[in-house]
Amino acid sequence: MILAPLRGVTIRCFREVFAEQIHEAGFTEAITPFLSANPGFDPLKDRELRGAPEQIKVTPQFIGKDPESLRACLLRIKEAGYDTADLNCGCPYPMVRNKGRGSGLLRTPAVLEKMIAVGCETMGDGKFSVKTRLGFDKNDELLALMPMLNSFPLRFLTVHSRNARQMYGGECDWESFKKVAAVAEMPIVPNGDLPLQPYMAPCAQNCESKTSHRGTKTQRIMIGRAFIRQLGMRDDIGELLSRYINASSAELCGPSPVLGRMKELIAYWKDIPRWKRLWPVIKIARTIDELRLAY
Ligand SMILES: Cc1cc2nc3c(=O)[nH]c(=O)nc-3n(C[C@H](O)[C@H](O)[C@H](O)COP(=O)(O)O)c2cc1C
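Take any residue in the sequence shown, note its place counting from 1, add 868, and you have its number in this note's numbering.
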C-alpha cells in the first residue's frame, strides 16, 4: 500500500509523527506531496527531503513542464540516495493545470512525453512513476495516451479514477479505469476513494497484477483520505495530535501556520461524533492553547 501525497497533510512532519500508525496500517511507501521542478530549485533544501532518511520508503514527487529542470531535480535527489521519483500529472487546480502543469500535461502530450523520457533516463528503468487521472475533462483521455506511456519503462502508473474537472468530488469511474488497466504494459496503481481494507475494494479485484518490465509481479494500491479519516477514530488521537502540534511548532514560525496545519487535518474528522462536537470550537481557535483546550 502506498500513502497518497496530500499536500499540506501527508507532509514529512506528519509522516514522522504518525510513522507507527502509517506502518501499522500496512503502508510500505509514501509519495511526497509535489515539489515544483522549476529552474534553480534545489529539492534537497526543501523540508520534505532535508535530513536523515525516514522510516518508510519515500518517493519524491515533482510537478512541472520543463524537462531540464526536472532532470536537475532528479540528479540532486539521487545524490541524497533517493532511487525512485514520481511525476505529478493529475493536479486539477486551475492555476496549475492552465499553466500546463499537473493534469495540464494531459493536454500537451509532447511535453508529457519529454518529461517522462527525462524521468526514465535520469532515474533508470523501472525507477520513475507517473500519477495521473482518467483525463482532463473526459474519462477517455488517458486511454488515448496509453500507447505513448507504454513505450516507457515506468515503475508504475497511478490512476486516480476521476477526471481533473471533477477535482476531488463526484464518483470515481472504475469502468474507465479498467479500460486503461487492460491495455497498460506497466503496473497500474488504482487510487480514489478506496477504503483501508484494499482487498475488499471492487477495483482491486478487477485490477489484475501486471508483470513489470523487471519480471516481478506487483499489485500496489494507493490510499490517502481513508487513512487520514481513520486516524480521527483512534483512542490515542489526542496524544498523537499533541505530538504533531509540538513537532510542527518546532519547524514552523509562529502559531498561525501550526494552527492552519492542524485545522486542515482535523477537518477530515468533522463527521466523526467525537470531533463533530469539537469542530466548531477548533475551527475558530486563534491560539495553540485554545486548540489544545478544545480536544
Ligand atoms: C488536500 C489534498 C492534497 C493533494 N495533494 C496532492 C499532491 O501533492 N500530489 C498528488 O499527486 N496528488 C495530490 N492529491 C490527490 C491524492 O493524492 C489522491 O489522488 C486523491 O486524494 C484520491 O485518493 P484518496 O481518495 O485515497 O484520497 C491531493 C489530494 C488532496 C485532497
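Backbone N, C-alpha and C fix where the C-beta goes; we use that ideal spot for every residue, glycine too.
If you're wondering where the values come from, they're calculated on a predicted model, not measured in any experiment.
So which of Glu-916, Phe-909, Arg-875 and Leu-1013 has the shortest CA-CA distance to Glu-1164? The displayed coordinates of the chain run from 869 to 1163. Any statement about residue 1164 would go beyond what the structure contains.
Closest to Pro-1055 by CA distance: which of Arg-1030, Arg-1033, Lys-999 and Asp-1104 is it? Lys-999
Determine contact between the stretch 916-934 and the stretch 1025-1032, defined as no fewer than three beta-carbon pairs at a distance below 8 Å. no
The alpha helix (DSSP H) enclosing Ser-1116, as first and last residue numbers: 1105-1119
Within 7 Å, strictly: CB atoms of Leu-1062 and Ile-1105: no
Taking only beta-carbon atoms, is Leu-943 less than 7 Å away from chain D? Looking for chain D here will not work: only one protein chain is present.
Pairwise C-alpha distance: Ala-887 and Asp-954: Using only the alpha carbons, I get a separation of about 21 Å.
Considering only the alpha carbon of each residue, which of Gln-1065, Ala-940, Gly-949 and Gly-932 lies closest to Leu-980? Gly-932
Could you pull the start and end residues of the beta strand (DSSP E) that Ser-1029 belongs to? Counting along the chain, the unbroken beta strand (DSSP E) around Ser-1029 starts and ends at 1025-1031.
Pair every Cβ in the stretch 1097-1104 with every Cβ in the stretch 894-902, then say whether three or more of these pairs are closer than 8 Å. no
May I ask which residues mark the beginning and end of the alpha helix (DSSP H) holding Val-1051? 1042-1051
Span separating the alpha-carbon of Pro-935 from that of Val-1149: 46 Å
Exposed or buried, Val-1167, counting other C-beta atoms within 10 Å across all chains shown (16 or more means buried)? A query on residue 1167 cannot be resolved here, the shown segment of the chain reaching from 869 to 1163 and no further.
Supposed close pair Glu-1023, Lys-995 - CB separation, criterion 8 Å: According to the sequence shown, residue 1023 is Arg rather than Glu. At roughly 6 Å, the Cβ-Cβ gap stays under 8 Å, so Arg-1023 and Lys-995 are in contact.
Counting only the same chain and skipping the five closest in sequence on each side, list residues whose C-beta sits under 8 Å from that of Gly-968. Exclusion of the five residues before and after Gly-968 leaves Lys-933, Arg-975, Thr-976 and Val-979 as the residues of its chain whose Cβ lies within less than 8 Å of its Cβ.
Starting from Phe-930 and walking both ways along the beta strand (DSSP E), at which residues does that stretch end? 929-931
So Leu-938 packs on Gly-987, CB below 8 Å; how close in whole Å? 7 Å
As an exercise, report each continuous alpha helix (DSSP H) stretch of at least 4 residues that is fully enclosed by the stretch 957-984, in chain order. 962-965
Should Gly-949 and Cys-959 be called a contact, given that it needs their Cβ atoms to be closer than 7 Å? no
Proximal residues to Gly-910 (C-beta, below 7 Å), its chain only, five neighbours per side dropped: It is Asp, not Gly, that sits at residue 910 in the sequence shown. Hits under 7 Å: Arg-944.
What is the rounded straight-line gap between the Cα of Ala-905 and the Cα of Asn-956? Ala-905 and Asn-956 have their C-alpha atoms some 10 Å from each other.
Cβ-Cβ distance between Asn-1018 and Glu-989 below 7 Å: no
Every unbroken alpha helix (DSSP H) within the stretch 979-1014, with a cutoff of 4 residues, ordered by chain: none
Pull up the CB-CB distance for Cys-881 and Ser-1124, whole angstroms please, since I reckon it's below 8 Å. Actually they are not in contact, since the Cβ atoms of Cys-881 and Ser-1124 sit about 16 Å apart, beyond 8 Å.
Tell me where the beta strand (DSSP E) around Pro-1058 begins and ends. From DSSP, the beta strand (DSSP E) with Pro-1058 extends over 1056-1059.
So, helix, strand or coil for Ser-1019, using DSSP? In the structure shown, Ser-1019 adopts coil according to DSSP, grouped into three states.
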